[in-house]
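Residue numbers (this note's numbering), protein chains in the order written: chain A, 1 to 244; chain B, 1 to 244. Input: a single structure, listed below in structure tokens.
Protein chains: 2
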Amino acid sequence: MSLMKVVSAKLAAEIDQELMGPQVGFTLQQLMELAGFSVAQGIYREFPPNKSSANKNVLIIAGPGNNGGDGLVCARHLKLFGYHPVVYYPKRGKKNEFYKQLVDQLNFFKVPVLPEDIGPDKWLDYAKPESTLCIVDAIFGFSFKPPMREPFESIIDQLYELQNKIPVVSVDVPSGWDVDEGPLSDMSLNPAMLVSLTVPKPASTHLKPSASHYVGGRFIPPEFAKKFKFDTFEYKSTDQVLKL
Amino acid sequence: MSLMKVVSAKLAAEIDQELMGPQVGFTLQQLMELAGFSVAQGIYREFPPNKSSANKNVLIIAGPGNNGGDGLVCARHLKLFGYHPVVYYPKRGKKNEFYKQLVDQLNFFKVPVLPEDIGPDKWLDYAKPESTLCIVDAIFGFSFKPPMREPFESIIDQLYELQNKIPVVSVDVPSGWDVDEGPLSDMSLNPAMLVSLTVPKPASTHLKPSASHYVGGRFIPPEFAKKFKFDTFEYKSTDQVLKL
């Protein structure tokens, strides 16, 4: 039986649950730190900060759940790598005290976090083609189910308009896409780069041919991957991302 | 006023407390993941796994506190990097459920964790010059205060005997050293490599001239370092360690 290259939304949820279950014992904080770091490393590969250029701004748009948390961690590492990240986090995760701590950490690193209610016109001030290297779409991940709620519907519409001027980097799944089926319309976001976490989801097969596709989240032993009928990836040395 | 190159045990404790305090909001799990990863990356730099050789074994000796926890995380990443780590963890941290989870994670990755009561003769079976690339001393860190308790006194005596046959890599502080004063006797451990975490402690100035000294734990903004009167380090690209 050949191994799959992708896992469905349903399997991705099972993998996540098992990784954080009593047997494996990973915590959300650990996995989020490694996932967010891997996205930041992928961005460094694809959009290295050019020391001679002022163009080091990265706007991170964080959603209300774990995909957003990955984005918050990514922003902190980008700052350490020499970028100028700015975070837009309009619906803050209230379920888990840890999300608040991730924001505290960003304050500690002097990463600007825009006011929650800044609104759709104001955040665009932080997405200028002449100074913004890329926009990180950390809005929705593998557990997204329609319908899309505001303010994210407007934000994603605006990202669609921007995507040919500023490259969009999606975390795990392009936001608004069906995790298993891909883009829902011709007006769906189509990112320049995707960092799939753990293993790509079926949606990733719908990326445009010019898009860069990375996998990150290097925390799976081969036996576990086989159990879920996918193969682990041949990461190099101590790398936390691999370009596919 | 010039900035210091080292911080005392007392300042290191204050830095740690502040990083995990209410303002900064880091959690132990995050910092331990990044610290353990940095040690593993340092080992990869200094002792790359040679694909053509069987010599990929690394013995990690973990102490009862946070230094031991860093070692447990390091072991997991070493496994992902292609090494064959084995962990000896004779006094397991009981204060924090998370230490147990770190052991569960090692089981998940099929990293052997020797029985707690294996005794001083048996663990030596896992430290053979012909097959062991290095031994990681993750026994005591910056909060160590004498007197040394068993079984660690015996273990460190045995490490002293072994250190010229198998290189020893110490995490943060060579175990048994006074954090501020350095080695306590001529029979003190003298590691081949030290990975200082966040910022070196005064003991590091007593390393033998042939020793490699790295700094890891890349999670400090420059303003915070200045407040504690040290300078941040010029890490390259996405590196989590820097050779000093």
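Ideal Cβ positions, reconstructed from N, Cα and C, are used throughout, including at glycine.
In chain order, what residues of the same chain lie with their CB nearer than 7 Å to the CB of residue i, ignoring the 5 residues before and after it?
i, result
"B:Lys227", "none"
"A:Asn67", "Ala138, Ile139, Phe140, Gly141, Val171 and Asp172"
"B:Pro129", "Lys165 and Ile166"
"A:Glu46", "Met193 and Ser212"
Quick check: residue i and residue j, are their CB atoms within less than 8 Å of each other?
i, j, result
"B:Val243", "B:Tyr214", "First, the amino acid is wrong: residue 243 of chain B is Lys here, not Val. Yes. Within cutoff."
"A:Lys132", "A:Asn50", "First, the amino acid is wrong: residue 132 of chain A is Thr here, not Lys. Contact flag unset, no."
"B:Phe26", "B:Phe230", "no"
"A:Pro191", "A:Pro174", "yes"
"A:Leu124", "A:Gln163", "no"
"A:Ile135", "A:Ile166", "yes"
"A:Ala40", "A:Leu78", "yes"
"B:Arg256", "B:Phe109", "Since the first residue of chain B shown is 1 and the last is 244, residue 256 of chain B is not available in this structure."
"B:Ala35", "B:Asp70", "yes"
"A:Pro147", "A:Pro90", "no"
"A:Val6", "A:Val199", "yes"
"A:Gln158", "B:Gln29", "no"
"B:Ser143", "B:Pro120", "no"
Among the residues of its own chain, which have a CB less than 8 Å from the CB of residue i, if the five just before and after it don't count?
i, result
"B:Ser8", "Val179, Asp180, Lys201 and Pro202"
"A:Asp239", "Gln41 and Arg218"
"B:Asn55", "Glu130, Ser131, Thr132 and Leu133"
"B:Thr232", "Ile220, Pro221, Pro222 and Ala225"
"A:Arg92", "Pro64, Tyr99, Lys100, Val103 and Glu116"
"A:Leu184", "Pro146, Gly176, Trp177 and Asp178"
"B:Glu118", "Looking at the sequence itself, residue 118 of chain B is Ile, so the reference to Glu does not match. Contacts found: Tyr88 and Pro90."
"B:His84", "Lys56, Asn57 and Val58"
Who are the near neighbours of residue i in its chain, counting only those whose CB is closer than 6 Å to its CB and skipping five residues on each side?
i, result
"B:Tyr88", "Ile61, Leu114 and Trp123"
"B:Gly182", "Ala203 and His206"
"A:Leu72", "Ala62 and Leu102"
"A:Val86", "Leu59, Pro112 and Tyr126"
"B:Val241", "Ser38, Gln41, Gly42, Tyr214 and Gly216"
"B:Gly82", "Pro49"
Would you tell me roughly how many angstroms separate the C-alpha atoms of residue i and residue j, rounded to the nearest one?
i, j, result
"B:Gly33", "A:Leu31", "As written in the sequence, residue 33 of chain B is Glu, which differs from the Gly given in the question. Rounded to the nearest angstrom, the two C-alpha atoms are 9 Å apart."
"B:Met1", "A:Tyr99", "Its pLDDT being 46, under 50, B:Met1 is placed unreliably in this model, and the value from its coordinates should be taken loosely. The straight-line gap from Cα to Cα measures roughly 38 Å."
"B:Phe224", "B:Gly176", "29 Å"
"B:Glu234", "B:Gly21", "26 Å"
"B:Pro48", "A:Tyr44", "24 Å"
"A:Glu97", "B:Val195", "32 Å"
"B:Lys94", "B:Gln105", "16 Å"
"B:Leu80", "A:Leu19", "16 Å"
"A:Tyr160", "A:Leu197", "23 Å"
"B:Gln17", "A:Asp186", "51 Å"
"A:Val169", "A:Cys74", "12 Å"
"B:Ile15", "A:Ile15", "36 Å"
"B:Asn107", "A:Asn107", "37 Å"
Got a sec: is the Cβ-Cβ distance from residue i to anything in chain E below 8 Å?
i, result
"A:Gly65", "Looking for chain E here will not work: the only protein chains present are A and B."
Fully enclosed by the region 49 to 89 of chain B, which alpha helix (DSSP H) runs are 4 residues long or longer? You should have 66 to 80.
Residues from the region 123 to 153 of chain A in contact with chain B, defined by Cβ distance under 8 Å: Using a CB distance below 8 Å, no part of the region 123 to 153 of chain A faces chain B.
Residues in the region 79 to 102 of chain A with C-beta within 8 Å of chain B's C-beta atoms, listed in sequence order? Cβ contacts with chain B: Lys79, Leu80, Phe81, Phe98, Lys100, Gln101 and Leu102.
For the region 194 to 226 of chain B, enumerate the residues whose C-beta is nearer than 8 Å to any C-beta of chain A, in chain order. Flagged, chain order: Arg218, Phe219, Pro221, Glu223 and Phe224.
Interface positions of the region 4 to 17 of chain B facing chain A (Cβ-Cβ less than 9 Å), listed along the chain: Against chain A - using a Cβ distance shorter than 9 Å - the region 4 to 17 of chain B contributes no residues.
In the region 34 to 58 of chain A, which residues sit with their C-beta less than 9 Å from some C-beta in chain B, listed in chain order? Taken in chain order, the members of the region 34 to 58 of chain A whose beta-carbon sits within less than 9 Å of a beta-carbon on chain B are Leu34, Phe37, Ala40, Gln41, Tyr44, Arg45 and Pro48.
Ignoring anything shorter than 3 residues, give me the beta strand (DSSP E) runs that lie fully in the region 103 to 175 of chain A, in order along the chain. Restricting attention to beta strand (DSSP E) runs no shorter than 3 residues, the region 103 to 175 of chain A encloses them at 132 to 138 and 168 to 171, ordered along the chain.
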